[in-house]
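What follows is a single structure, written as structure tokens, with notes after it.
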Amino acid sequence: MAYSTVLNNGTRIPVPILAVDGRNWTTYHDKLLRLAINEDLLRTYGGVDKRPVNAMSYRLKEWEQWEQRNATTKQYIAATIPDTLFTRLKHLETAHECYQYLSSLFETK
Numbered sequence: 510m511a512y513s514t515v516l517n518n519g520t521r522i523p524v525p526i527l528a529v530d531g532r533n534w535t536t537y538h539d540k541l542l543r544l545a546i547n548e549d550l551l552r553t554y555g556g557v558d559k560r561p562v563n564a565m566s567y568r569l570k571e572w573e574q575w576e577q578r579n580a581t582t583k584q585y586i587a588a589t590i591p592d593t594l595f596t597r598l599k600h601l602e603t604a605h606e607c608y609q610y611l612s613s614l615f616e617t618k
């Protein structure tokens, strides 16, 4: 089973659903990161794209753009993991934290 998303250019990209035990982590990880590259979200997964310090009016646009990138990235993760994993990471605030949590569980598998 796979999740499928349509990129900005209209291309459909399938991403496998992560197995509860992580047995397909390598394939999942690789395809999720390829999706991130195509959508210009790799910096969000990697934690390089930092949340702006505050949302003062002159930086509001920057804040909103970050929130949108973070929400999109978290949705890609949420849509491609089983509910049992989702309930364990839904409280995390950033996509980077979600990705790091999954990596910590399955990176050595």
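Our numbering numbers the first residue of the sequence shown as 510 and each following residue consecutively. C-beta atoms are modelled at their ideal positions from N, C-alpha and C, and glycine is treated no differently.
Leaving out five residues on either side along the sequence, give the residues of the same chain with a beta carbon under 7 Å from the beta carbon of arginine 578.
So the qualifying residues of the chain are Leu550, Thr553, Asp558.
Please report how far the alpha carbon of arginine 560 lies from the alpha carbon of glutamate 571, in whole angstroms.
Between arginine 560 and glutamate 571, the C-alpha separation is close to 9 Å.
Could you tell me how far apart the beta carbons of asparagine 533 and proline 525 are, in whole angstroms, since I believe they sit closer than 8 Å?
At roughly 6 Å, the Cβ-Cβ gap stays under 8 Å, so asparagine 533 and proline 525 are in contact.
Pick from Glu548, Asp539, Lys599: whose alpha carbon is nearest that of leucine 520?
The amino acid occupying residue 520 in the given sequence is threonine; leucine does not appear at that position. Among Glu548, Asp539, Lys599, the Cα nearest to that of threonine 520 is on Glu548.
Please state the DSSP three-state secondary structure of arginine 521.
Note: arginine 521 maps to strand in three-state DSSP.
Got a sec? Which residues, its chain only, sit under 7 Å from lysine 583 by beta carbon, not counting five neighbours each side?
Contacts found: Ala604, Cys607.
Taking the straight line between their C-alpha atoms, what separation do you get for lysine 599 and glutamate 573?
Each residue's alpha carbon lies about 21 Å from the other.
Have a look at Leu541, Leu614, Ser612 and flag the residue whose alpha-carbon is nearest the alpha-carbon of tyrosine 585.
Closest option to tyrosine 585, Cα to Cα, is Leu541.
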